[in-house]
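One structure is given below, encoded as structure tokens.
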Amino acid sequence: MTVFPDHAAEDYDERIARLVPGYGLAIGLMAHVLAARRPRPARVLVAGCGTGAEILAGAALLADTRFTAVEPSAGMLETARRKARAEGVEGRIDFHRDMLENTPEAPHDAAMLSLVLHFLPDDGAKRDLLRAIAARLRTGGQLLLVDALAPQEDDAPLRDWLQGRGHAPAAAEAVVGRMRETWHRIPRDRLVRLLEDAGFRVTAPFFQAFDYLGLEARRT
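Position one of the sequence shown corresponds to residue 63 (this note's numbering), numbered consecutively onward.
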């Protein structure tokens with residue numbers, strides 16, 4: 063699994079907004095779907111929390127919810143902690159610098175997984191992560207997932223969007239090339255099968271921008 067170097071956290075929030083179409087909208091919708099479905103109080107697992115965008119969005123809507131933040135990158139996790147402290151929600155978050163499978167299997171009411179799966183090869187690693195999440199969810203628990211899928215046609219629209227966000231043509235081509243060569247993007251039907259194999263039932267999509275998809279699923 064890809065672990066971001068510590069220095070990647072320094073400008074991650076600015077970079078991701080220029081690399082992923084609709085990123086802010088996806089995170090906001092994820093938080094609103096979470097808020098609409100959750101019993102209160104609730105405990106929410108955020109696997110691969112990065113710099114904490116999902117946590118801050120959820121915490122703003124669910125004042126009595128606690129979060130478990132799991133992230134292997136020290137730089138990312140420290141940035142998430144600093145942002146949470148600035149927003150006054152640090153006390154509602156349990157931080158773990160580790161891989162998810164090494165954390166306790168405490169039951170959670172919901173989980174959030176944003177832009178992680180495409181870093182894992184489809185050789186059992188994707189399935190294992192989804193199973194590790196399922197093992198930490200109550201029956202009926204909610205999974206909100208955002209990830210990049212295999213392109214249905216080609217990456218030309220994404221390349222054009224990247225240029226519109228300020229990337230030079232060569233830089234946009236380099237981004238698309240990295241996605242094509244180093245990411246492990248899978249079709250939507252394969253993602254659904256992996257979720258089902260891990261113990262989830264897909265209920266509804268909540269976001270799509272080009273080949274970035276947001277899905278809601280339930281622990282069976």
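All C-beta atoms, glycine included, are put in the ideal place defined by N, C-alpha and C. Everything numeric in this text was worked out from a predicted model, so none of it was measured.
| Check | Outcome |
| --- | --- |
| Cβ contact (3+ pairs, closer than 8 Å) linking the region 208 to 226 and the region 261 to 279 | yes |
| Segment contact, 8 Å Cβ cut-off, at least three pairs: the region 136 to 153 with the region 71 to 80 | yes |
| Cβ-Cβ distance between H291 and V178 below 7 Å | Lying outside 63 to 282, the shown extent of the chain, residue 291 is not represented and no answer is given. |
| Residue of D160, L123, G153, D185 minimising C-alpha distance to I248 | D185 |
| Proximal residues to R102 (C-beta, below 6 Å), its chain only, five neighbours per side dropped | D126 |
| Cβ separation of A197 and E167, assumed to be a contact under 8 Å, to the nearest whole Å | 5 Å |
| Cα-Cα separation, A97 to G110 | 20 Å |
| Identity of the residues DSSP links to Q270 by a beta bridge | L275 |
| Spatially closest choice to I118 from L199, G90, L182, by CA coordinates | Going by the sequence as given, residue 118 is Leu instead of Ile. Ranking L199, G90, L182 by Cα distance to L118 puts G90 first. |
| Straight-line Cα distance separating A93 from E149 | 16 Å |
| Of the residues R143, D251, D160, R227, the one placed nearest G153, counting alpha carbons only | R143 |
| Three-state secondary structure assigned by DSSP to T265 | strand |
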